[in-house]
Amino acid sequence: MNIAYFVETRKKMGLSQKELCDGVCTQATLSRFEKNGQVPAIKILIKLCNRLNLSLADLFPKVEQASSALNQKMADAEFKLITMDYTKAQQLLQEIDFANIDNDDQRLRYLYLQGYLITLLEGETTDALFAFSQILAADAKDYAVIYNLLALTGSGMIYAGKQENEKADFYFNRVLKEIYDYRIRTTTDVWRVLNIVYNCGKFYSEVKEYESSDALLNYAYEICAENHVTYYLARVAFRLARNQHAQGKPQAEIEDYLHDARAFAKLNRNFYELKLIEAYRQELTVAAVEK
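Position in the sequence shown (first residue = 1) + 271 = our numbering.
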């Protein structure tokens with residue numbers, strides 16, 4: 272809050288503290304606000320501002336605007352992450368100066384996005400792990416729970432990428448003990464929980480633990496259906512198709528999942544996933560001919 276601007280305005284209007292607070296509050300209350308930053312009750316502050324022809328927004332416009340712009344920039348970056356446009360997401364994140372972020376939630380959000388984008392763009396794993404470790408070392412607050420789960424998932428993804436499956440399993444196991452109990456409140460929560468559940472399911476698919484993988488991917492499917500979101504459905508359906516093929520399930524079942532995956536990828540203009548689906552379909556066709 273820009274208290275200096277408040278004091279400056281009072282003095283420009285030629286009002287003493289006693290004159291300004293008359294009938295509104297005690298002079299001691301006003302003095303504690305101006306000198307020590309002890310903000311009075313909101314009703315008192317509004318009355319004092321009205322006498323100075325100030326709005327509440329006049330006391331903190333730059334802070335609020337910067338915070339709003341920062342939130343929008345990070346929201347845009349997170350959406351690009353969800354839609355697998357990792358390069359654009361990284362470009363947006365690089366426009367933010369982490370040193371200037373003084374809000375704890377925003378700092379954790381930045382670190383989560385930074386860690387994931389380094390991982391997905393195959394950057395320095397030590398940098399990604401450092402981002403995740405900062406989240407895990409942060410004070411345990413309610414809003415930090417989802418970031419902790421994302422950091423554990425991201426750490427698991429790093430070790431899975433390095434084929435260090437025992438270490439990866441350690442992190443994914445920790446996530447799975449908590450994710451089913453996590454209460455989804457917002458659409459952003461939905462995306463983040465899907466991120467976690469899908470990546471856990473993907474890992475167990477890659478280590479051929481198909482029963483665990485299928486259960487997680489089907490849970491992701493349910494989350495999408497219940498919350499009417501489609502951005503993860505292409506990935507989920509495609510991974511389920513691959514799982515069914517690996518387990519020798521009927522071709523019709525595999526084709527159903529591939530059809531769904533292609534439809535959702537097309538709907539969401541996820542061209543990256545569309546290419547992967549088409550390549551896999553061709554792979555299956557060639558394999559069938561060779562038989």
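Where a beta carbon is used, it is the ideal one built from N, C-alpha and C, also for glycine.
- Remark: C-beta atoms of Leu382 and Ala402 approach each other more closely than 7 Å.
- Between Ala505 and Glu544, the gap from beta carbon to beta carbon is short of 7 Å.
- If you draw a straight line from the Cα of Ile455 to the Cα of Val461, it is about 6 Å long.
- Excluding residues up to 5 positions away in sequence, Ser426 and Ile429 lie with their Cβ nearer than 7 Å to the Cβ of Leu400 in the same chain.
- Gln434 sits in coil when the DSSP states are folded into three classes, being neither helix nor strand.
- Assigned with DSSP and collapsed to three states, Ala409 falls in coil, not helix or strand.
- Counting only runs of 4+ residues, the alpha helix (DSSP H) found wholly inside the stretch 319 to 392 occupies 327 to 330, 332 to 353, 357 to 365 and 375 to 391, in chain order.
- The C-alpha of Phe369 lies about 40 Å from the C-alpha of Cys296.
- When C-beta atoms of the stretch 435 to 447 are compared with those of the stretch 385 to 397, fewer than three pairs fall below 8 Å, so the two segments do not count as touching.
- The three-state secondary structure of Ser287, taken from DSSP, is coil.
- Look at the stretch 436 to 507 and you find these whole runs of alpha helix (DSSP H), each 4 residues long or longer: 436 to 450, 458 to 477 and 481 to 498.
- With fewer than 16 other beta carbons inside 10 angstroms of its own, Phe542 counts as exposed.
- By the 16-neighbour rule on beta-carbons within 10 angstroms, Ala512 is buried.
- Comparing alpha carbon positions, the residue from Thr358, Ile367, Asp329 and Leu330 closest to Gln343 is Ile367.
- Around Ser483, the same chain offers Tyr475 as residues with beta carbons nearer than 6 Å, after the five sequence neighbours per side are excluded.
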